[in-house]
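In what follows, a single structure is set out as structure tokens and then discussed.
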Amino acid sequence: MSPSLSVETSAGTVHATARPREHDSVVFDLGGAMRGCIHVTGTHHVRHWDQFTAVRACLGPVNAFQEAEPAAAETLPRLARSHTGYHGSLTLYRDAPADRPQVSVYPMESVAGHQPSHKTAETLTAVLRACAEHVEQRADFPQICTAARERDTPALLRFLTWSAEYHRSAACRLEGQARASRPALRAAVTAWWTVARWYTAQPHPVLLLMLSNRDGSLARDVDVQAWLGPYCLTEAAGEYDRARNAEAEAESLHSQQRTRRTVRRPQTGMPTTARMENA
Numbered sequence: 234m235s236p237s238l239s240v241e242t243s244a245g246t247v248h249a250t251a252r253p254r255e256h257d258s259v260v261f262d263l264g265g266a267m268r269g270c271i272h273v274t275g276t277h278h279v280r281h282w283d284q285f286t287a288v289r290a291c292l293g294p295v296n297a298f299q300e301a302e303p304a305a306a307e308t309l310p311r312l313a314r315s316h317t318g319y320h321g322s323l324t325l326y327r328d329a330p331a332d333r334p335q336v337s338v339y340p341m342e343s344v345a346g347h348q349p350s351h352k353t354a355e356t357l358t359a360v361l362r363a364c365a366e367h368v369e370q371r372a373d374f375p376q377i378c379t380a381a382r383e384r385d386t387p388a389l390l391r392f393l394t395w396s397a398e399y400h401r402s403a404a405c406r407l408e409g410q411a412r413a414s415r416p417a418l419r420a421a422v423t424a425w426w427t428v429a430r431w432y433t434a435q436p437h438p439v440l441l442l443m444l445s446n447r448d449g450s451l452a453r454d455v456d457v458q459a460w461l462g463p464y465c466l467t468e469a470a471g472e473y474d475r476a477r478n479a480e481a482e483a484e485s486l487h488s489q490q491r492t493r494r495t496v497r498r499p500q501t502g503m504p505t506t507a508r509m510e511n512a
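Counted the way my numbering counts, the sequence shown spans residues 234 to 512.
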């Protein structure tokens with residue numbers, strides 16, 4: 234595959250030339266209607282954090298999710314007639330079963346924190362996507378993804394462990410709210426009937442307001458408490474699902490780590506048959 238590509242944009246033709254691949258990334262130098270660099274690396278799927286099948290293209294010569302040296306700002310992509318460089322990123326991934334390419338764009342902004350114009354944003358996005366698609370089609374893309382997995386797995390495992398604990402804590406809190414809503418509902422119903430008896434014995438506009446279904450009324454309190462319990466239980470079930478998913482993805486990453494260690498483990502001695510032949 235040619236290391237160079239041309240991207241037609243509303244700002245003109247942008248030429249992107251790939252440098253020789255580094256350990257886990259490919260850097261493109263831009264020319265034509267745009268100047269600067271684009272850094273492309275493998276990354277995890279946006280919805281499956283244990284599957285390193287996606288491509289992330291970042292504005293600049295380094296990964297946008299890592300600390301960049303001050304000098305890197307000088308090579309942030311910018312239009313050929315502009316001095317304003319931009320940072321941000323784009324992730325290209327595929328969803329089964331159609332396997333159609335999907336794009337997720339991380340917000341782009343200038344070094345000063347300003348958003349690009351619509352035309353500039355379109356140009357930046359088009360070039361990012363073209364570079365990402367180019368790397369996805371390279372013969373060494375599997376090696377790029379493997380390197381990305383090795384680079385990101387420790388941080389992902391820490392995040393997934395935190396995520397599972399967070400969602401389980403949230404589920405427990407929601408279950409507690411559901412339990413508390415049951416006596417609160419009984420109390421609200423009792424209060425409504427008490428006021429209803431007062432109104433029956435001696436009608437009064439204030440009592441009628443308390444019984445009507447409006448903000449701050451007893452009737453609204455009954456409705457809220459009746460809704461709150463089932464709602465909290467439904468949300469708790471969702472939190473448990475998210476916790477189990479995080480735990481499953483963490484276990485998948487651990488399994489991939491163990492598999493790589495087994496494959497890489499060097500042989501410490503000759504095979505038994507060879508030792509017998511040499512005896």
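Even glycine gets a Cβ: it sits at the ideal position worked out from N, Cα and C.
Exercise. Between the beta-carbon of Ala313 and the beta-carbon of Ala345, is there less than 7 Å?
Worked result: Here residue 313 refers to the residue found at position 80 of the sequence shown. Here residue 345 refers to the residue found at position 112 of the sequence shown. Result no, Cβ atoms of Ala313 and Ala345 do not sit closer than 7 Å.
Exercise. Looking at Leu451 and Trp425, is the spacing between their C-beta atoms short of 7 Å?
Worked result: Residue mapping note: residue 425 aligns to position 192 of the sequence shown, counting from 1. Residue mapping note: residue 451 aligns to position 218 of the sequence shown, counting from 1. Contact flag set, yes.
For this session: Let me know the secondary structure DSSP gives Gln335 once reduced to three states.
Result: Here residue 335 refers to the residue found at position 102 when the sequence shown is read from its first residue. Three-state result, Gln335: strand.
Problem set entry | Whole-angstrom C-beta distance between Ala290 and His277, which should lie under 8 Å | As a first step, residue 277 is located in the sequence shown; it is residue number 44 there, counting from the start. As a first step, residue 290 is located in the sequence shown; it is residue number 57 there, counting from the start. That pair is no contact at about 15 Å.
For this session: Could you spell out where the alpha helix (DSSP H) holding Arg415 opens and where it closes?
Result: As a working note, residue 415 is residue 182 in the sequence shown. Phe374 to Ala434 is the extent of the alpha helix (DSSP H) around Arg415.
Exercise. Going by C-alpha distance, which of Asp283, Trp460 and Tyr432 is nearest Arg384?
Worked result: Locating residue 384 in the sequence shown gives position 151, where the first residue counts as 1. Among Asp283, Trp460 and Tyr432, the Cα nearest to that of Arg384 belongs to Asp283.
For this session: Look at the Cβ atom of Leu309, then the Cβ atom of Ala365, and state whether they are nearer than 7 Å.
Result: Residue numbering aside, residue 309 sits at position 76 when the sequence shown is read from its first letter. Residue numbering aside, residue 365 sits at position 132 when the sequence shown is read from its first letter. No, these two residues do not count as a Cβ contact at 7 Å.
Exercise. Roughly how many angstroms lie between the CA atoms of Ala397 and Val338, to the nearest whole one?
Worked result: Taking the sequence shown and counting its residues from 1, one reaches residue 397 at position 164. Taking the sequence shown and counting its residues from 1, one reaches residue 338 at position 105. Going by the C-alpha atoms only, they are around 26 Å apart.
Exercise. Who are Leu312's beta bridge partners in DSSP?
Worked result: The sequence position of residue 312 within the sequence shown is 79, counting from 1. DSSP, once it has assigned bridges, lists Met267 as partnering Leu312.
Exercise. When the distance is taken between beta carbons, is Val259 closer than 7 Å to Val368?
Worked result: Locating residue 368 in the sequence shown gives position 135, where the first residue counts as 1. Locating residue 259 in the sequence shown gives position 26, where the first residue counts as 1. Contact flag set, yes.
Problem set entry | Whole-angstrom C-beta distance between Ala483 and Leu390, which should lie under 8 Å | In the sequence shown, residue 390 corresponds to position 157, counting from 1. In the sequence shown, residue 483 corresponds to position 250, counting from 1. Indeed, because the Cβ distance is near 6 Å, the residues count as touching under 8 Å.
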